[in-house]
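Since the structure comes first, as structure tokens, the remarks are kept for the end.
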Amino acid sequence: MRAVIALIDRLSISCAVVASVLLASAVVIVCYMVVIRTLGYSSYWEIEASIYMVVAATFLASPYTLMTRGHVSVDFLPWMMGPRGARAIQAVIAVVGIVICLYMAWLGWHLTLEAIASDERSTSMWRPVKWPLYVMMPIGLGLTALQYLAEIFRSASDEAPAKAPLPRMEAIPEPAPGRNEHERRVSAR
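Going by my numbering, the first residue of the sequence shown is number 1, and it counts up by one from there.
What follows is the structure, encoded as structure tokens:
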């Protein structure tokens, strides 16, 4: 069970790395566009290419965000119910998440196939095909459903939630008891 969880976690981390590269590439492309336009040249492909990359990054980062508990959630009810109740609620939420992700992935797959069959293209001057944009939906949501499954396995095996492998910022330490900076400035006058 742990090997399956670890494999799914590694897949989610790999997707997050790809998403990071796509986001960085989109930033570079937009900066290139700004420089080119500032120099008086015209360009037409940069905005759409960066949109494709950001959409892909969003869907590819979703499993990693779930793995590291980065999605917005309301945890008051599980906190009030204790460990067993919290585990039951998390299992129900994970099952609902799997169903929704698989349904949306199925819709995205059909959208992708229709775009391929009709050679659907953007209406911009660049006119790229749209299926690469659409295919990110079934890929990202399918992988998110897989990560939900890993979370169910993790909960069933009493394994701790995955920690983000990237360093997190430490909390800002509380100021020492006593006067604050404003009080010190006023009393120094």
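In this text, a Cβ means the ideal position worked out from N, Cα and C, and glycines have one as well.
### Query
In the structure shown, what three-state DSSP assignment does V135 receive?
helix
### Task
Tell me, please, which residues DSSP counts as bridged to R121.
V129
### Query
Measuring CA to CA, which of M125, M136, L143, V30 is closest to L102?
Looking only at M125, M136, L143, V30, the smallest Cα-Cα distance to L102 is reached by L143.
### Query
Can the beta-carbon of S25 be found closer than 8 Å to that of M53?
yes
#### Entry: Other residues of its chain near V55: CB distance less than 7 Å, five sequence neighbours each side excluded
So the list reads L133, M136, once near-sequence residues are dropped.
### Task
Classify P83 as helix, strand or coil using the three-state DSSP reduction.
helix
### Message
Beta-carbon within less than 6 Å of A86's beta-carbon, same chain only, minus the 5 sequence neighbours each way: which residues are those?
### Response
P78
### Query
Hey, which unbroken runs of the beta strand (DSSP E) at 3 residues or more fall wholly within the segment 17-60?
none
### Query
Helix or strand or just coil, what does DSSP make of S14?
Reduced to three states, the DSSP call for S14 is helix.
### Query
Roughly how many angstroms lie between the CA atoms of G70 and L146, to the nearest whole one?
G70 and L146: Cα-Cα distance of roughly 16 Å.
### Query
Count the other CB atoms within 10 Å of the CB of P63; is the residue buried (16 or more) or exposed (fewer)?
buried
### Query
By how many angstroms is the C-alpha of M33 removed from the C-alpha of S12?
So the alpha carbons of these two residues sit roughly 31 Å apart.
### Task
Measure the CB-CB distance between L66 and Y148 and report whether it falls below 8 Å.
In this structure, L66 places its C-beta atom within 8 Å of the C-beta atom of Y148.
### Task
For the segment 88-102 and the segment 117-126, state whether three or more C-beta atom pairs, one from each stretch, are separated by less than 8 Å.
No, they do not touch.
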